[in-house]
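Notes to accompany the following structure.
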Amino acid sequence: MANAEASFEVTTRAIRPGGTASGVTAPVVTAPGVIAPGGVAPEVTGPEATVPGDTAPAATADFGDFVKDDDEELDLEEVAEPWERYDAEDNRHVFYPIFLGELLNERYLVEHKLGFGGGSTVWMAFDMKDKTDVALKVMALGEWADNEIRIQDEIIKKVQDSSRLVIYTETFLLPRDDGRCHRVLVFPMKGPSICTLSLKRIPMAARMSAARQLLVTVANLHEAGILHRDLSSRNCMWGMTPIDNLSKSAKYEVLGRPVKQTIPFDELWKRGELVSPVKVPDDLRTDEFYLCDFGLAKKMGEQTTQSGLPPWHYCSPDRLHKHEPSFACDMWSYMAVFSMLYLRFPPFPTFLKGGVVSGMVECLGPLPEQWKDSYSYRGGLDSWYDQSKVPVPKRTLAGKIAYFCPDSEPVERELVQDIMSKMFTYDIEKRLTAKQLLQDPSFRALMGRYGC
């Protein structure tokens, strides 16, 4: 799983952990007993001990490169979590410090970084027991870990087909010096998350297959009464060809050598490092498509709701106007992911005055007048609710499709526009459900054009 807050090609700050395994039907949960903080790996461990030419013991082995100058330090700062997240005095949701070469739970040798998000850091590790690569989602202190464990257990019990959901396989605790503990979730490795650069190199047939796989997955979740609440490109990822059989040095050749820096915090209670994330090459990507990260998920009808929203590009306008989470919110977010897969860009720009909501209004027309004064954030504009306004022609759905896909056939453009218009509607009662969209004639026709 190369996403984990959990995308595995997580190279932006806007990302979040999560991750799941194909075909997992029930978790194998280790006893959540408190263990000693991760130690350094023993002298002989993992594949490094048996690879010809690699004679250095794990305790002194190569685990990446420390930054050499200010430029490298600034580059690392762009892709690593803020070091302040390790300061327990200033953060209620403080991170747990990890370093490359650390052995966690006497089993998992940390070899690389996968990403980070608001509630966790995610690491690539070698499972010394099962001899396989895994993703470790190390949760920040706080309620996120409990919610994710609870909802994933619910998914395991209620969702009939979880083959495209990234579900934890084990869990354990890491204690801090003050006695509090961080929850760690163990996930199978998956591939990179969606990003505009990689999408340019992925055939449309593979992207439409991903769109259909994701829709089936969302339908299965909703059928079980579970809202995801954070459908976005960062939580959707491709499959990845396993590289468990490679030595650590060979993995670094494939995924890029880690660039790291000791966490620059004088009073840090244990050793830890800021580390650049992996970069999964195209030839390791497979066409399986997965959904991860259930930190915000909830059962429909539950009274308590974990605070948080999807990234702005993927958040429905009703949620931004204090409406309760619903299946319809997930479907708006799904269509935003679909737009990324088809157009290779988010559906609504954020550079306009007023941000993404202004982008919605220019594309779809004014928001419902009754929503005025219920916008949850600063920067709202009265013009959003002016019922005399009309969409900007070049920024309508038809205009976007023509601009981003100039070589597509007219009949295909009409299919895509029809699909998007049924989902990008302010009226939540009119948005199709996941099951309805799977049976929609335009969606079926588009998928049929690509053999999906």
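1 is the number of the first residue of the sequence shown in UniProt numbering; add one for each residue after it.
Where is the CB? At the ideal position from N, CA and C, for every residue including glycine.
The model shown is predicted, which means the values in this text are computed figures rather than measured ones.
On the criterion of 16 or more Cβ atoms from any shown chain inside 10 Å, does Val94 qualify as buried, or is it exposed?
Looking at its Cβ environment, which holds 16 or more other Cβ atoms inside 10 Å, Val94 is buried.
Using a Cβ-Cβ cut-off of 6 angstroms (strictly less than) and excluding sequence neighbours within five positions of Phe99, which residues of its own chain qualify?
Counting only Cβ-Cβ distances below 6 angstroms, and skipping sequence neighbours, we find Arg271, Gly272 and Glu273.
Return yes when the Cβ of Glu143 is within less than 8 angstroms of the Cβ of Ile226, no when it is not.
No, Cβ-Cβ distance for Ile226 and Glu143 is not below 8 angstroms.
Skipping 5 residues on each side, what residues in its chain have a beta carbon closer than 6 angstroms to that of Pro349?
Gly359.
Pull the bridge partners of His112 from the DSSP assignment, please.
Answer is Met124, bridged to His112.
Check this for me: beta carbons of residue 491 and Gln261, under 8 angstroms apart or not?
What the structure shows of the chain is the stretch from 1 to 452, and residue 491 is not part of that stretch, so it cannot be assessed.
Along the chain, where does the beta strand (DSSP E) that runs through His321 open and close?
It is not in any beta strand (DSSP E) - His321 carries neither H nor E in the DSSP assignment.
Excluding sequence positions up to five away, which residues of its chain have a Cβ less than 6 angstroms from the Cβ of Ile151?
Phe294 and Ala297, listed in sequence order.
What would DSSP say about Cys292, mapped onto helix, strand or coil?
Residue state, collapsed to three classes: coil.
Could you tell me if Tyr96 is buried or exposed, where buried requires 16 or more neighbouring beta carbons within 10 angstroms of its beta carbon?
With 16 or more other Cβ atoms within 10 Å, it is buried.
Looking at the strands, I want to know which residues DSSP matches up with Ile167.
BP columns for Ile167 are empty, so no partner.
Quick check on the DSSP output: what are the complete beta strand (DSSP E) runs of length 3 or more inside the segment 211-276, in order along the chain?
236-240, 259-262 and 273-275, all fully within the segment 211-276.
What residue from Met237, Ser442 and Gly256 has the CA that sits closest to Ser276's CA?
When each option's Cα is compared against that of Ser276, the closest is Gly256.
Near Arg344, which residues of its chain fall below 7 angstroms by C-beta distance, leaving aside the five closest residues on each side in sequence?
Closer than 7 angstroms at Cβ, skipping near neighbours: Thr196, Leu199, Lys200 and Phe404.
With Glu73 as the anchor, note down where its alpha helix (DSSP H) starts and where it stops.
Glu73 -> alpha helix (DSSP H) spans Asp70 to Val79.
Can you name the residues that DSSP bridges to Val67?
Bridge partners of Val67: none, in fact.
Would you kindly work out how many angstroms separate the C-alpha atoms of Asp283 and Asn147, rounded to a whole number?
C-alpha separation (whole angstroms): 35 angstroms.
Near Trp332, which residues of its chain fall below 6 angstroms by C-beta distance, leaving aside the five closest residues on each side in sequence?
Excluding residues within five positions, the ones whose Cβ falls inside 6 angstroms are Ser316.
So Glu414 is in the alpha helix (DSSP H); what residue range does that whole segment cover?
Pro410 to Met423 is the extent of the alpha helix (DSSP H) around Glu414.
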